[in-house]
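Residue numbers (full-length UniProt numbering): 1 to 408.
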Amino acid sequence: MSGFQATELTNIIEIDRNKCKGCDSCKAFCPTGAINGKYGAIHSIDQEHCIFCGQCLINCPFGSISDTVDTVDVVIEKLRNKTITVVAVTAPSVRVAIGEEFGLEPGTLTTEKLYGALKQAGFKVLDANFAADHTILEEGSELVAKIRHYLLQEPAQHQLGPLPQFTSCCPGWVLFAELNCPQILPHLSSAKSPIQMAGALAKTYGARQIWQVQPEMMYVVSIAPCTAKKFEASRPEFVSAARYWRQQGHSAVYPDVDTVLTTRDLARLLKKLNIDFNRVEPFADADNPLAQYSGAGTIFGNTGGVMEAALRTAYYVISGEELPVLEYTPVRGLEGLKEAAVAIRDAGTGQTIRLKVAVVHGTKDHVRPVVEQVIAGRSPYHFIEVMNCPGGCINGGGQPINPMGTSW
Ligand code: SF4
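Following this line, the structure appears as structure tokens:
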């Protein structure tokens, strides 16, 4: 593991030429227009424009599209190697979807069964919700600093990006922005995603305080509802733990997250290990501080969750009070966009500001107009949550495939 060289993935989703019927369904769901081919002809993906979200894959009625990055056997090999500590970072949308792969009703919450299955397979657990709480603190603090500077006219303590602030935890959205509208990148929160924070935490705090192992002898597996997370983990900038340890005199280089399994991949891994999810002993992992989290971390997987969690923090820090219930209003003509306004009274000066926030999901139909408003300097919002997938991560490209198609 010490010879690690980051290689950014360039191809994750592929259309099988022998199975494609040219029905155009994939085109209808692709958020970036990355699919080529006339109706009736074999389709192909323009990898230069693909953001790896897998929406085409989960919506292809013929099962002609697949995720080509399959590390299930690699993870099994690591689990069998008793010199390696294998840590699973579980995202919130996995626990409500994995049961479907084992015959449970879609949406069944299986947190303790999931922990039990991971434990039986030999994983240590780091719940991504724990890291989501950290993301909220980072993203919320960044928003507070911008509110204080731009709206309450206080001097800035350090360099700040402009308002509105966009969330940055969806790798499909981040790549979309990089490829299609790089001028808005300064608006994205500088906080990395919960899963990437979790990887860095596992190989620093977790390695030293919880599992007492050398970080180079750890293998961090992100378990996510998302095919784009495979790309995110391969980005060369995500090596914070190795950077930290180099400052302590270590020489090894490794990624924060070694590999990503989607919900479907995890189901295959458990089946290969003959672990019957329905018979697994539930496990709470109550003694592991990295499996503890607040309600804010839990709502991350739903559209609106990141926004609400960060806003709660910002509201509390500025006003000293809890955020009242947010009343979202759908924006007419753009049903993937909801907005809300909240008055915040600065406990220090007594000044009141009106913060306008928006939640948008589904890049294909709803994100572009919101981005165009920001580029044109006409955005009415101060904080905007973006999730690429329609409905958010619950409907991510790595989730179980619903034979009836998506209802979004
Ligand atoms: Fe991945 Fe969620 Fe973004 Fe979809 S919305 S690309 S599942 S992070």
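C-beta atoms are modelled at their ideal positions from N, C-alpha and C, and glycine is treated no differently.
Tell me, please, which residues DSSP counts as bridged to residue i.
i	result
residue 126	89
residue 258	Bridge partners of residue 258: none, in fact.
residue 67	13
residue 268	None, per the DSSP bridge assignment.
residue 222	89, 260
Out of the options, which one is the CA nearest neighbour of residue i?
i	options	result
residue 359	209, 380, 304, 347	304
residue 95	397, 350, 266	266
residue 175	162, 329, 338, 48	48
residue 356	169, 381, 268	381
residue 258	32, 177, 72	72
residue 162	399, 377, 107	377
residue 164	59, 399, 385	385
residue 192	239, 350, 207, 208	239
Residues in its own chain within less than 7 Å of residue i by CB, not counting five upstream and five downstream?
i	result
residue 37	22, 43, 44
residue 310	136, 139, 140, 143
residue 270	117, 121, 277
Suppose the cutoff is 8 Å on Cβ atoms and the five residues either side in sequence are ignored; what does the same chain contact list for residue i look like?
i	result
residue 66	13, 14, 16, 57
residue 110	95, 96, 98, 99, 104, 277
residue 329	338, 339, 340
residue 8	231, 234, 235, 236
residue 19	62, 63, 64
By how many angstroms is the C-alpha of residue j removed from the C-alpha of residue i?
i	j	result
residue 388	residue 53	8 Å
residue 395	residue 172	13 Å
residue 83	residue 235	27 Å
residue 10	residue 155	43 Å
residue 247	residue 187	31 Å
residue 282	residue 39	48 Å
residue 290	residue 363	32 Å
residue 146	residue 153	10 Å
residue 284	residue 195	20 Å
residue 112	residue 32	37 Å
Could you tell me whether any non-hydrogen atom of the ligand SF4 is closer than 6 Å to the CB of residue i?
i	result
residue 194	no
residue 309	no
residue 23	no
residue 197	no
residue 387	yes
residue 50	no
residue 170	yes
residue 396	yes
residue 225	yes
residue 53	yes
residue 228	yes
residue 393	yes
Taking Cβ positions only, does residue i come closer than 7 Å to chain B?
i	result
residue 127	Judged by its chain identifiers, the structure shown contains no chain B, having just a single protein chain.
Keeping to the same chain, check which residues put their C-beta closer than 6 Å to that of residue i; ignore five residues upstream and five downstream.
i	result
residue 30	56
residue 180	none
residue 273	121
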